[in-house]
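Asker: Sharing a structure below in structure tokens format, with a few things to ask.
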Amino acid sequence: MSAGINTYKTDLREIFFTLFEQFGFGQVAGQAPYDAWGPDEAKAVLTETYRFAREVLGPLNSVGDREGCRVENGAVFTPKGFKDAWNKLYEQGFKTVAVSPDHGGQGAPMMLQVTVEEILSGANTAFNMYPGLAFGAAEVIAECGTPAQQKQFVERMLNGTWGGTMCLTEPHAGSDVGAAKSTARRNADGTYNIRGTKIFISGGDHDMAGNIIHLVLARIDGAPVGTKGLSLFIVPKLRINADGSAGQPNDVTVASIEHKMGINGSATCVLNFGENDACLGELVGTVEHVGMSQMFKMMNGARIAVGIQGVSLASAAYYNAVDYAKDRKQGSHFTKWKDPSAPRASIIEHPDVRRMLLDIKAHVEGIRALIIKLAMHLDKAKQLAGKDDDAATYHKGQVEVLTPLVKSYGSDQAFRLCAQAMQVYGGAGYIQDYPVEQYTRDSKIFSIYEGTNHIQAMDLVGRKMGQAGGAHFQQFMGDVGSFVEAHREHPVLGEAVKTLAGAQEGLMSSAMALFGWSQDAGRFPLIPLSANRFLNMMSEVAVGWLLLDAAVIAEKAAASVSADHPDKAFYEGKKFSALWYARNVLPNVEYAARLIATEDTSPMDITDAAFGGV
1 MSAGINTYKT
11 DLREIFFTLF
21 EQFGFGQVAG
31 QAPYDAWGPD
41 EAKAVLTETY
51 RFAREVLGPL
61 NSVGDREGCR
71 VENGAVFTPK
81 GFKDAWNKLY
91 EQGFKTVAVS
101 PDHGGQGAPM
111 MLQVTVEEIL
121 SGANTAFNMY
131 PGLAFGAAEV
141 IAECGTPAQQ
151 KQFVERMLNG
161 TWGGTMCLTE
171 PHAGSDVGAA
181 KSTARRNADG
191 TYNIRGTKIF
201 ISGGDHDMAG
211 NIIHLVLARI
221 DGAPVGTKGL
231 SLFIVPKLRI
241 NADGSAGQPN
251 DVTVASIEHK
261 MGINGSATCV
271 LNFGENDACL
281 GELVGTVEHV
291 GMSQMFKMMN
301 GARIAVGIQG
311 VSLASAAYYN
321 AVDYAKDRKQ
331 GSHFTKWKDP
341 SAPRASIIEH
351 PDVRRMLLDI
361 KAHVEGIRAL
371 IIKLAMHLDK
381 AKQLAGKDDD
391 AATYHKGQVE
401 VLTPLVKSYG
411 SDQAFRLCAQ
421 AMQVYGGAGY
431 IQDYPVEQYT
441 RDSKIFSIYE
451 GTNHIQAMDL
461 VGRKMGQAGG
471 AHFQQFMGDV
481 GSFVEAHREH
491 PVLGEAVKTL
501 AGAQEGLMSS
511 AMALFGWSQD
521 AGRFPLIPLS
531 ANRFLNMMSE
541 VAVGWLLLDA
551 AVIAEKAAAS
561 VSADHPDKAF
571 YEGKKFSALW
581 YARNVLPNVE
591 YAARLIATED
601 TSPMDITDAA
611 FGGV
């Protein structure tokens with residue numbers, strides 16, 4: 001694959017179906033606070049985003065991977081073309097589609113923003129991390145900062161003038177954030193002297209923005225240990241002058257950048273704060289020791305963003321693999337495999353290749369639907385707040401339970417699906433002439449950062465399922481149950497819907513087992529042993545449900561389409577995605593429930609010595 005050649009592909013028809021036909025974008029748009037938006041405007045934005053992704057970001061993907069970032073004289077320089085792409089990205093407003101007009105944005109529903117993000121990330125994941133982190137940091141300041149802080153920072157961070165980061169991880173404190181040792185010392189003028197080292201900081205330094213605003217977790221002198229003693233600080237790379245411009249360096253230095261398996265165009269930095277005791281920060285808002293709750297506002301958004309990254313690369317790998325399979329000829333058709341003189345067939349005609357492609361297709365479509373459904377809940381919660389508080393609470397609750405599913409299932413499946421797309425290529429997929437090997441490397445980090453997937457699983461079973469007395473989880477199960485009852489006799493999909501019902505029953509039985517273990521100290525270790533399996537089960541139920549929901553809609557729509565219309569084949573594809581998933585994935589949920597019921601504790605029973613090692 002030559003440097004600078006676009007390899008990004010997606011299917012806007014598929015995105016349009018999920019956004020408009022399945023989740024009713026037009027029923028959310030056109031009403032306050034989304035009055036200015038409708039399907040036509042959304043389609044125009046997505047079409048232009050795809051053009052930008054193919055013409056600007058896509059050609060830089062392999063360039064960023066091979067060139068990587070470099071440090072010179074303590075400053076990070078991004079790959080060739082990134083700075084120009086940053087400027088064009090913000091000039092065209094792609095990162096502010098759903099931002100409030102109060103902060104210079106366009107005020108669209110989040111349903112549209114997540115689809116824009118999928119396209120941008122699919123074209124160049126490493127590049128899109130830089131503006132994504134700035135967006136998340138700006139959101140925290142917009143929600144938690146003082147009016148002065150909002151005026152000072154938010155719009156500049158959202159329009160690309162300044163970048164942003166989140167600084168949690170330390171050399172000795174990764175997932176154990178409460179063990180952080182970074183400190184903050186109060187100054188008489190209300191600022192704080194910040195001191196400490198943060199690692200794995202994506203976008204920790206770069207040459208694309210005039211300043212970088214770090215959100216840093218640190219412990220104020222005398223604060224209690226653990227997460228309850230942490231506060232969140234705004235720490236600019238360059239101090240801010242009285243007129244709001246960037247001024248002198250703020251004693252924030254780049255110690256190094258990491259050399260990684262993937263996302264090489266993203267600068268992953270080790271940052272030192274206050275080596276010369278001259279790093280000044282200001283508390284986010286006015287209350288000390290609430291840093292974790294403030295940071296979680298960014299973390300939750302970041303976890304949804306990781307799910308988007310996952311589906312974006314799995315989708316890009318899929319469409320590249322489909323085109324390759326249609327073009328590549330290898331072997332004869334399986335009906336003529338004994339005839340050496342038979343013409344060579346395109347590999348898409350081989351049954352196992354078709355199996356792999358349909359597996360990827362079904363998962364990509366289902367995960368995308370899960371993400372857009374979550375975004376729909378966000379939009380409706382915002383729309384209904386103060387008008388129908390019970391309905392708004394329901395939608396907020398669904399966001400809570402779906403977020404760990406989106407992050408974990410989207411990221412785990414991304415790596416598997418990208419590797420499977422590579423398998424479709426055979427040996428060609430393992431070399432850099434084709435993009436799938438980079439997609440596979442880039443996607444591995446998704447299950448690790450922004451809270452490892454086990455943390456997501458423990459968040460689901462230890463916190464989210466019990467919220468509101470278990471109401472959010474029960475409402476999710478009720479929504480699935482209502483779909484089952486409405487469609488279990490569907491003439492085409494009925495048997496698949498009944499399979500979904502069986503999976504739902506298995507999920508509920510496992511949920512009851514988890515609750516029982518939580519009441520028994522002796523069996524409590526069974527919860528972390530089973531959490532990942534349970535999250536995967538719940539994700540498969542959710543994705544299976546949404547695929548079948550899409551298939552029901554597609555079956556109805558197909559009846560009004562002529563046999564030679566392109567939508568006929570499209571709708572047929574939706575049906576087979578659902579059938580494949582129901583027949584080949586959903587049965588795993590019932591089996592997993594039986595495994596959970598065995599209460600296997602062998603990972604806890606084995607001694608450390610029995611694991612072996614040298």
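Position 191 of the sequence shown, counted from 1, bears residue number 191 in this note's numbering, the numbering being contiguous throughout. Where is the CB? At the ideal position from N, CA and C, for every residue including glycine.
(1) Go through its chain and collect everything with a Cβ distance to Ala414's Cβ below 6 Å, but skip five positions before and after it.
(2) Here's the rule I'm using: 16 or more other beta-carbon atoms within 10 Å means buried, otherwise exposed. How should Val287 be labelled?
(3) Please classify Thr687 as buried or exposed, where buried requires at least 16 other C-beta atoms within 10 Å of its C-beta.
(4) Could you give the first and the last residue of the continuous beta strand (DSSP E) run that contains His565?
(5) Which residue from Met465, Ala468, Gln504, Gly470 puts its Cα closest to that of Ser482?
(6) Given 8 Å as the limit, is there contact between the region 263 to 273 and the region 239 to 255, that is, 3 or more CB pairs closer than that?
(7) With a Cβ-Cβ cutoff of 8 Å, do His472 and Glu400 count as a contact?
(8) Short of 8 Å in beta carbon distance, which residues of its chain neighbour Gly247, apart from the five on each side in sequence? Order them along the chain.
(9) Out of Ser509, His377, Ile455, point me to the one whose CA is closest to Pro109's CA.
(10) Among all the DSSP beta bridges, which residues are the ones paired with Ala329?
(11) Considering Ala246, what are the terminal residues of the beta strand (DSSP E) in which it resides?
(12) With a Cβ-Cβ cutoff of 8 Å, do Ala496 and Ala578 count as a contact?
(13) From the DSSP output, in three-state form, read off Glu450 for me.
(14) In the DSSP assignment, find the unbroken alpha helix (DSSP H) run with Phe82 in it and report its ends.
(15) Helix, strand or coil: how does DSSP classify Phe77 here?
(16) Under 8 Å, with one C-beta from each stretch per pair, do the region 358 to 367 and the region 533 to 550 reach the 3-pair mark?
(17) Taking Trp517 as the reference, which of Gly203, Thr598, Ala421, Ala29 has the closest Cα?
(18) Quick check: what's the CA-CA separation for Met1 versus Ala428?
(19) Residues in its own chain within less than 8 Å of Gln475 by CB, not counting five upstream and five downstream?
(20) With a threshold of 16 other CB atoms inside 10 Å of the CB of Asn73, please say whether the residue is buried or exposed.
(21) Kindly confirm or deny that the region 169 to 176 and the region 141 to 159 touch, where touching means at least three C-beta pairs closer than 8 Å.
(22) Can you tell me which of the three DSSP states Ile606 falls into?
(23) With three or more C-beta pairs closer than 8 Å as the rule, is the region 188 to 201 touching the region 102 to 118?
(24) Is Phe534 near Ala468, with beta carbons less than 8 Å apart?
(25) Starting from the Cα of Cys418, find the closest Cα among Ile372, Met465, Val436, Leu405 and give me that residue.
(26) Which whole-angstrom value describes the C-beta separation of Gly616 and Gly203, a residue pair presumed to lie in contact below a C-beta threshold of 8 Å?
(27) Starting from the Cα of Ala137, find the closest Cα among Ala98, Gly93, Asp40, Met299 and give me that residue.
(28) Counting pairs of Cβ atoms below 8 Å between the region 513 to 531 and the region 583 to 599, do you hit three or more?
(29) Near Ala511, what residues of its chain come up, given a Cβ to Cβ distance below 6 Å and the 5 sequence neighbours on each side ignored?
(30) At what residues does the beta strand (DSSP E) containing Ile201 begin and finish?
(31) Is there contact here, the region 148 to 165 with the region 206 to 219, by at least three beta-carbon pairs under 8 Å?
(32) May I ask you to list the residues that DSSP assigns as paired with Asn272?
(33) Where does Thr49 land, buried or exposed, given buried means 16+ other C-beta within 10 angstroms?
Answerer: Reading off the structure:
(1) Gly310, Leu313, Ala314, Ser443, Phe446
(2) Exposure of Val287 is indicated by the presence of fewer than 16 other C-beta atoms within 10 angstroms of its C-beta.
(3) An answer regarding residue 687 cannot be provided, because it is not within the stretch 1 to 614 covered by the chain.
(4) From DSSP, His565 is part of no beta strand (DSSP E); its letter is neither H nor E.
(5) Gln504
(6) Yes: at least three Cβ pairs fall under 8 Å.
(7) At a Cβ-Cβ threshold of 8 Å, His472 and Glu400 count as neighbours.
(8) Closer than 8 Å at Cβ, skipping near neighbours: Leu238, Arg239, Ile240, Asn241.
(9) His377
(10) For the sequence presented, residue 329 should be read as Lys rather than Ala. DSSP lists Ser346 as partners of Lys329.
(11) 246 to 249
(12) yes
(13) coil
(14) The continuous alpha helix (DSSP H) containing Phe82 extends over residues 82 to 91.
(15) strand
(16) Touching, yes.
(17) Thr598
(18) Its pLDDT being 46, under 50, Met1 is placed unreliably by the model, and nothing is read from it.
(19) Tyr394, Gly397, Gln398
(20) It is exposed - the Cβ of Asn73 has fewer than 16 other Cβ atoms within 10 Å.
(21) The region 169 to 176 is not in contact with the region 141 to 159.
(22) In the three-state reduction of the DSSP assignment, Ile606 falls in the coil class.
(23) no
(24) no
(25) Val436
(26) The question about residue 616 has no answer here: the residues shown for the chain are numbered 1 through 614.
(27) Met299
(28) The region 513 to 531, when compared against the region 583 to 599, does touch it at the 8 Å Cβ threshold.
(29) Hits under 6 Å: none found.
(30) 192 to 202
(31) yes
(32) Thr197, Thr253
(33) buried
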